[in-house]
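As structure tokens, the structure follows; a few thoughts come after it.
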Amino acid sequence: MTLDVRELEVAYGGVAAVRGLSLSVGPGEIVGLIGPNGAGKSTTLHAIMGLVGTRGGDVMLGDRSLRGRSPEAIARAGVSLVPEGRRLFAELTVEENLRLGLAARSGANGVEEDMAAVFELFPIVEEFRRRHAGALSGGQQQQLAIARALVAKPSILLLDEPSLGLAPTVVDLVFSTLRVISERGIGVLLVEQRAQRTVALADRTHVLANGELRLTLTPDDAADTDRMVAAYLS
Amino acid sequence: MLASGLTDFVGDALDLQVQVDAIGLGAVFALMAVGIGLVFGVMRLVNFAYGQLIMAGAFALAYASDRDWPVGVGIALCFAVVLALSLAMERVVFRPLRTQSAAVMLIATFAVAFLLQSIALLWFGPLGKTASSLVQLNRPVEIGGAEIRKITIVAIVTAVICLVLLVALLNRTSIGLHMRASAIDSQTARLLGVRANLVSTVSVLIAGALAAVVAVMLTVQFPTVTPTFALQETILVLAGVVVGGMTRLLSATLGGFFIGYVSGLLGGALPSAQSQYLPSLVFGLVILVLLVRPDGLFTRGRGLVERV
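Read top to bottom, the protein sequences are chains A and B. Going by my numbering, the residue at position 221 of the first sequence is 221; the numbering climbs one at a time, nothing skipped. Going by my numbering, the residue at position 157 of the second sequence is 1157; the numbering climbs one at a time, nothing skipped.
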């Protein structure tokens, strides 16, 4: 299913945070969203998930509107968020964190296969399934956070700065995993600070500033990303 | 004089019968603490009206006993009334106010508490009714030379069974996992698809079922059911829950048990001429504990998290 954000408007206490933003993420596509701090990237993800109210526009998943629905209803409709800072349940085990990801599924059909697929992607999650999530390293926690979102079997995966605070080798792992995830037919919307890597990975990357889409880049622009973004935003 | 009084007091407190009675009271208070702590954990709501749920259940038992209905029917009626009231409270008051401040929710539960108390006063009058179907459980049995009332044994066994069942539900089922996750971080739980409404309904129903169990236990010991039935016990348990530590179900439960046990011990060991000092002693102790350990006796000092 395609996620369609149409003319989205979000305001915090009268101050516009997102203005007329439109983008779409189709099955198997990776779409990047980059921009300076406070540009409205995370707010866009929060609005899609129903965590903040919208002032205008719409968010469609296939032919259904997600606007005004609760976060749990949106998760159940097939949109999973890997939140900034991972937001794992540190005192629960790795396995319990994973089982919480199943909450968005309507039935138990195919759970074992999907769990196996996730373990194949992140062997560390299976190896440490009995440990407390809080005992994992930052990179392992990020893998668990993505695994938890994937077992929900989403149509669309949203990621909010998954590379934040991770060692370079783990960042490589996260980015290569996103490619594999998209190849399984899941649409990926990736909010990132690492502009160049995002542009190189994504089918297209939107540059957001002051809540507005300013520029759209393709992998061909990867080598020039920093210069183009700086020139445009200045 | 003082020394001999103290020796008598300690001697009485160590008496097997006093100990078992104190544990029995602790067990009933622990169940109330679980009911209050469970709803607080999931909804961040201190349900002051919990005592009135017990009162309503006790009146249901008195109503059945008045009509000489079989004990089983009376208990079933008690559960039905308490569960229906719990559900109504959750739907009509708690759920719509879920996003409001803790103060708004606390005042709302005060209002519900006094509303229910006033309705009971209108329906049953200040003198109340008598629930006498189970009074035979007050008869003692002799264990190890001490005379223990049957209800004390029933209360301890029932509390243990209820707590074991609850722990199994929380640790072995999906809804239990969802409840635990919601108590830790409700927003993230909802983002994962955990249904906040279902979690709060289930928590309120479990708390209600425990209130019904407590109603049965308390009416055996105090068969006269008035509109203020269980009010003082609820205030004591609320204090116990805070003393134990509200943010964890285990610490809240231990706090409830602790205050019940201490009340039972002081009540059993104080000479009857001095029993009027009991509430002041207990609440003095509560203030002392809170001054020394404001986060709770049984916690490791962890702050509050968001509510559902």
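By construction, the Cβ of each residue, glycine as well, lies at the ideal position given by its N, Cα and C atoms.
### Query
Any Cβ of chain A within less than 8 Å of the Cβ of residue 1044(B)?
Residue contact with chain A for residue 1044(B): absent (no Cβ-Cβ distance below 8 Å to any residue of chain A).
### Query
Is it a yes or a no for the segment 1039 to 1054 of chain B touching the segment 1209 to 1221 of chain B, going by three-plus beta-carbon pairs under 8 Å?
Result yes; three or more Cβ-Cβ pairs closer than 8 Å.
### Query
Does any CB atom of chain A fall closer than 8 Å to the CB of residue 1307(B)?
Low confidence applies to residue 1307(B): its pLDDT is 41, below 50, so where it sits in the model is not reliable, and the reading given next is rough at best. With 8 Å as the cut-off, residue 1307(B) does not count as an interface residue toward chain A.
### Query
Going along chain B in order, which residues have a C-beta closer than 9 Å to the C-beta of residue 92(A)?
Within chain B, the C-beta atoms nearer than 9 Å to that of residue 92(A) come from 1177, 1180, 1181 and 1184, in chain order.
### Task
Take residue 1132(B) and list the residues in its own chain whose beta-carbon comes closer than 7 Å to its own, dropping the five residues that flank it on each side.
Closer than 7 Å at the Cβ level, and outside the excluded window around residue 1132(B), lie 1065 and 1223.
### Query
Counting only runs that start and end within the segment 1217 to 1295 of chain B, where is the alpha helix (DSSP H) found for 4 or more residues in a row?
Complete alpha helix (DSSP H) runs here, min 4: 1231 to 1244, 1249 to 1269 and 1278 to 1292.
#### Entry: Reference residue 1134(B); option with closest CA among 1155(B), 1253(B), 1047(B) and 1143(B)
Nearest in C-alpha terms to residue 1134(B), of all of 1155(B), 1253(B), 1047(B) and 1143(B), is 1155(B).
### Query
Quick one: Cα of residue 1218(B) to Cα of residue 1230(B), how far?
Each residue's Cα considered, the two are about 8 Å apart.
### residue 1147(B) - partner residues in DSSP beta bridges
Partner(s): 1142(B).
### Message
Considering Cα atoms alone, identify which of 1282(B), 1192(B), 1241(B) and 1207(B) is closest to residue 1084(B).
### Response
The residue from 1282(B), 1192(B), 1241(B) and 1207(B) with its alpha-carbon nearest to that of residue 1084(B) is 1207(B).
### Query
Which chain B residues are close to residue 104(A), counting only those with a beta carbon under 7 Å from its beta carbon?
Neighbours of residue 104(A) on chain B, chain order: 1192 and 1193.
### Where residue 1188(B) meets chain D, residues with beta-carbon distance less than 9 Å
As a matter of chain content, chain D is missing from the structure shown, whose protein chains are A and B.
### Message
Output needed for residue 1169(B): all residues of its chain with C-beta closer than 7 Å, excluding positions within five of it in sequence on either side, in chain order.
### Response
Within the same chain, Cβ atoms closer than 7 Å to the Cβ of residue 1169(B) are found at 1176, the five residues on either side in sequence being excluded.
### Query
Under 8 Å between C-beta atoms, does residue 1196(B) make it to chain A?
Yes, residue 1196(B) counts as interfacial toward chain A.
### Query
With a cut-off of 8 Å, does the C-beta of residue 72(A) fall near any C-beta of chain B?
Closer than 8 Å: yes.
### Query
Whose C-alpha, out of 191(A), 223(A), 205(A) and 177(A), is nearest the C-alpha of residue 160(A)?
The shortest C-alpha separation from residue 160(A) is found at 191(A).
### Message
Could you tell me the alpha carbon to alpha carbon distance between residue 189(A) and residue 1120(B), rounded to whole angstroms?
### Response
When rounded, the distance between both Cα atoms is 57 Å.
### Task
Could you check the C-alpha separation between residue 233(A) and residue 53(A) for me, to the nearest Å?
If you take the alpha carbons of residue 233(A) and residue 53(A), they lie about 28 Å apart.
#### Entry: 7 Å CB neighbourhood of residue 1308(B) in its chain, flanking five on each side removed
Residue placement at residue 1308(B) cannot be trusted, given a pLDDT of 44 that sits under 50; what the coordinates show is reported in the next sentence. The beta carbon of residue 1308(B) sits closer than 7 Å to the beta carbons of 1042, 1043, 1098, 1182, 1186, 1196, 1199 and 1200 from its chain, once the five residues preceding and following it are set aside; these are given in chain order.
### residue 1125(B) versus residue 1226(B) - alpha carbon distance
Going from the Cα of residue 1125(B) to the Cα of residue 1226(B) covers about 8 Å.
### Query
When DSSP builds the beta bridges, which residues end up paired with residue 12(A)?
Partner(s): 15(A).
### Task
Have a look at residue 1152(B) and residue 1180(B) and give me their C-alpha separation to the nearest angstrom.
Rounded to whole angstroms, residue 1152(B) to residue 1180(B) spans 31 Å at the Cα level.
#### Entry: First and last residue of the uninterrupted alpha helix (DSSP H) at residue 306(A)
Nothing in the structure corresponds to residue 306(A), since chain A is present only between 1 and 234.
### Query
Is the beta carbon of residue 1240(B) sitting closer than 8 Å to the one on residue 1255(B)?
Cβ distance < 8 Å, so residue 1240(B) and residue 1255(B) count as in contact.
#### Entry: Minimum C-alpha distance to residue 27(A) - residue among 157(A), 164(A), 207(A) and 210(A)
Among 157(A), 164(A), 207(A) and 210(A), the Cα nearest to that of residue 27(A) is on 157(A).
### Query
Based on the DSSP output, what are the partners of residue 132(A) in its beta bridges?
In DSSP, residue 132(A) forms a bridge with 93(A).
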